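A.B. asks: First the structure, then my questions, so here it is.
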């Protein structure tokens, strides 16, 4: 990956504009979500809340020059499944909501406490966990995850648990694979390079292409969670877009 240590004035200005418009739109939209969202059926509510996400992706493309390329979208199976994806930035947590719609994302409960943004997020039925208590977190993933999958809603998990630098993978936990085994649903691995354009813990947005590659379904029947995790992790590593 190319290391960006100095940014042009144009990139800085466009990044500031994105930050301002993205957050301002999010605050305004959150009020409407709180007012209207609870009265909408789940799938319509999901679409309504994600109007802000669509606006953010439009901004990224037209203001920051970020293109999005998806490979293997036909590999997404019908019905319920578990997604295991690498984690580099906030981008994938937003874009996945459009790529796989609706879905339930596993996320730390503190995100729901954020003013404005957390309010809208809570309407999407995410699976919230306390990362400080590993056993309780796993129990939440399995309990809530099976409920969502039973409703035909795919579950998206970032098994590294925290954001990694582009080109590196953290240790994968087995929670998502355990969920797939217990629910009897397939796993889909997704490998991407979002950190190249949306660096973690940075306000800079860099022009370029974010590529997401989707694996064929990994069937859970007769497999142990560890084997599924290793298969997904290997696929993500081998198909990393760079």
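In the numbering used here, the protein residues as written are 52 to 293.
In this text, a Cβ means the ideal position worked out from N, Cα and C, and glycines have one as well.
These figures come from a predicted structure and were not determined experimentally.
#1: Below 8 Å, how does it come out for the segment 211-230 and the segment 103-115: are there three or more Cβ pairs, yes or no?
#2: Any contact between the segment 241-256 and the segment 57-65? By contact I mean 3 or more CB pairs, one from each, below 8 Å.
#3: From the DSSP output, read off the bridge partner residues of residue 262.
#4: Quick one: is residue 120 buried, meaning 16 or more other Cβ sit within 10 Å of its Cβ, or exposed?
#5: Relative to the C-alpha of residue 141, which candidate in 173, 174, 109 and 104 has its C-alpha closest?
#6: Would you list the one or two residues that DSSP bridges to residue 68?
#7: Which term fits residue 264, buried or exposed, when burial requires 16 or more other beta carbons within 10 angstroms of its beta carbon?
#8: By Cβ distance below 7 Å, which residues in the same chain neighbour residue 200 in space, the five residues on each side in sequence not counted?
#9: Using DSSP with H/G/I as helix, E/B as strand and the rest coil, what is residue 236?
#10: Could you tell me the boundaries of the alpha helix (DSSP H) in which residue 287 lies?
#11: Please tell me whether residue 162 and residue 171 are closer than 8 Å, where the distance is taken between their beta carbons.
#12: Report yes or no: is there a C-beta of chain B within less than 8 Å of the C-beta of residue 243?
#13: State the Cα-Cα distance for the pair residue 198 and residue 57, rounded to the nearest angstrom.
#14: With respect to the alpha helix (DSSP H) encompassing residue 320, which residues constitute its N-terminal and C-terminal limits?
C.D. replies: This is what the structure holds:
#1: no
#2: yes
#3: Here residue 262 refers to the residue found at position 211 of the chain shown. Answer by DSSP bridge pairing, in chain order: 120.
#4: By 1-based counting over the chain shown, the position of residue 120 is 69. By the 10 Å Cβ count, residue 120 comes out exposed.
#5: Mapped onto the chain shown, residue 141 falls at position 90. For residue 141, the nearest C-alpha among the options comes from 104.
#6: In the chain shown, residue 68 corresponds to position 17, counting from 1. Paired residues: none, contrary to the question.
#7: Position 213 of the chain shown, counted from the first residue, corresponds to residue 264. So residue 264 counts as buried.
#8: Reading the chain shown from its first residue, position 149 is the one you call residue 200. The beta carbon of residue 200 is closer than 7 Å to those of 131, 206, 234 and 236 in its chain, skipping five residues each way along the sequence.
#9: Within the chain shown, residue 236 is the residue found at index 185, counting from 1. Reduced to three states, the DSSP call for residue 236 is coil.
#10: Locating residue 287 in the chain shown gives position 236, counting from the first residue. 276-289 is the extent of the alpha helix (DSSP H) around residue 287.
#11: Position 111 of the chain shown, counting from 1, holds the residue named residue 162. Position 120 of the chain shown, counting from 1, holds the residue named residue 171. Against a cut-off of 8 Å, the Cβ pair of residue 171 and residue 162 comes out as no contact.
#12: Among the chains in the structure shown there is no chain B, since it carries only a single protein chain.
#13: Mapped onto the chain shown, residue 198 falls at position 147. Mapped onto the chain shown, residue 57 falls at position 6. The C-alpha of residue 57 is placed about 47 Å away from the C-alpha of residue 198.
#14: The chain is shown only over 52 to 293; residue 320 falls outside these bounds and no answer can be derived.
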